[in-house]
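Structure first, then comments.
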Amino acid sequence: MTVPRRRGPTAPRGTDNADSSDPSTLCDGPVFRRDRLTALGYTSLAAYAYCLYALAPFLTLLRRDLDFSYLVMSLHSTTFAAGSVLSGLFFTQALCRLGRHRLFWLSVIGTACGVVLLAVGNTVAFTLAATALLGLTGPMLQTSSLALLSVHHSSHRDRALVEANATASLAAVLAPAVIGSLGGTDSGWRAGLALPVVAFVLLYALGRSRPLPGQGAAAGPLHQGRLPGRFWLRSSALGAAAGIEFGTVFYGAPLLVSRLDLSISHAATLMTLFAVGILIGRTAGSRLVNDQGKAPRLLTGSLLLAAAGLSIFWSSHALVLSSVALLIAGAGVANLFPLSFSHAIAAAPDRSDHAAARNQLVVNSAIMAAPLALGGLSDLVGVSAAFAVQAVLIVAALLLVTVDRAAASGGAGRTPLPADRD
């Protein structure tokens, strides 16, 4: 028997049929609404995404100007990730002590300061310190934004996070294009970091007075209870996905230089296609995640598409084929982070803030390890051979997602999972 649906007093016109596949649009659940808090979360993630995707071409050009090795270049990403690990470790404590509102805006201020210091740095020691500050405060802002959206749109978490990351992809497309296009000028490429600073200043000026919701369940501390083993299985897949994405972000341009004999600025600009592929993939993904049950299938399909694109990119010696491969790889990578992040939180929905912080810790550990491994191997055996790290990460992610799907279909009692831990 079909259950009739009622349009509530706050339901926007035209929603009766638009979201019929989403069970939360029935009379016993809310519709998905984009309000000011949603816009705040989307905008902050977009500004941070610009910083994150500008970092790779920025460091490539910085290596040219300061004449340091690939390993030193990777030390910048490792320093960034080390700060990010600290951010993940202390996020829940900072949230308990400061509250969501103060933590969010302190993260905005700190990220803006880190970007400014990176832009004006002229020595390796200075730029390493700047990336450490950016690594500490930027992921804190990202985690705050993702946790805010997860709490605010709990019944539509997949959709909100995919849309937020689709918005961030617009900034991710812009970042390498701006930095790369300015790469031929004398230090003019540093001015490309002014855009996120302006965005952060406007974000602070327009949104500072607006209160944010509390840190979650007021009944107990964020650490109450251990995160389940299913969460850690999914979070491990998230870490592998992050390594795939950022290994490509940081070492896609050096591979293009090695394989196609392009200039550094040309290769950095061409990496915009990877960001365009991510934008296309997330735009398409936002239309496919109305049903939370689709996440595992979308993850598997995304991993296979990313594997195809990166395989072609790795083996190609032709400019056109490499360009197409970057688009395909970007479309495959696109939804790995938001879906894996949301899928992991779904294993511990009553501890969203704590789960988001632990997710971010895993992600930042992967961002630290993958580029460092690629950098060290590139100095030893060359960029092309070192890129095999990406294949290892794809296989690992596929295995983790497959095990999780088997556990879900076979029942928790028939498939052993990692032991619960905090």
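If you count the sequence shown from 1, position 353 lands on 370 in my numbering, and the numbers rise without skipping. For glycine and all other residues, C-beta sits at the position ideal for the given N, C-alpha and C.
Residue 251 holds the alpha-carbon nearest to the alpha-carbon of residue 416 among 251, 91 and 123. Using a 10 angstroms sphere on the CB of residue 360, the tally of other CB atoms reaches 16 or more, which defines it as buried. Exposure of residue 110 is indicated by the presence of fewer than 16 other C-beta atoms within 10 angstroms of its C-beta.
When Cβ pairs closer than 8 Å are counted between the two stretches, the segment 76 to 95 is seen to touch the segment 266 to 278, the count reaching three or more. In the same chain as residue 214, and ignoring 5 residues on each side of it, the C-beta atoms closer than 7 Å to its own belong to 129, 132 and 133, in chain order. Sequence-distant partners of residue 319 (beyond 5 residues in either direction) whose C-beta falls short of 6 Å from its own C-beta, in its chain, are 349, 352 and 353. The segment 92 to 111 and the segment 174 to 181 do not touch, with fewer than three beta-carbon pairs separated by less than 8 Å.
If you look at residue 48, you'll find it isn't in any alpha helix (DSSP H); DSSP assigns it neither H nor E.
Pairing residue 330 with residue 342, the inter-Cα distance amounts to about 5 Å. Residue 381: member of the alpha helix (DSSP H) spanning 369 to 398, first to last residue. Rounded to the nearest whole angstrom, the CA to CA distance from residue 54 to residue 218 is 18 Å. When Cβ pairs closer than 8 Å are counted between the two stretches, the segment 377 to 394 is seen not to touch the segment 278 to 291, the count staying below three. Close CB contacts of residue 327 within its chain, under the 6 Å cut and outside five residues either way in sequence, are with 346 and 407 (chain order). Here residue 421 carries a helix assignment [DSSP, helix/strand/coil].
Following the DSSP letters along the chain, one finds residue 352 in no alpha helix (DSSP H), marked with neither H nor E.
Taking 7 Å as the cut-off, the Cβ atoms of residue 59 and residue 265 do not count as close.
Here residue 138 carries a coil assignment [DSSP, helix/strand/coil].
In its chain, beyond the 5 residues on either side, 86, 87 and 88 have a beta carbon closer than 7 Å to the beta carbon of residue 396. For residue 267, same chain residues with a beta-carbon under 6 Å away, outside a window of 5 residues either side, are 73, 94 and 388 in chain order. In the three-state scheme derived from DSSP, where H, G and I count as helix and E and B as strand, residue 328 is classed as helix.
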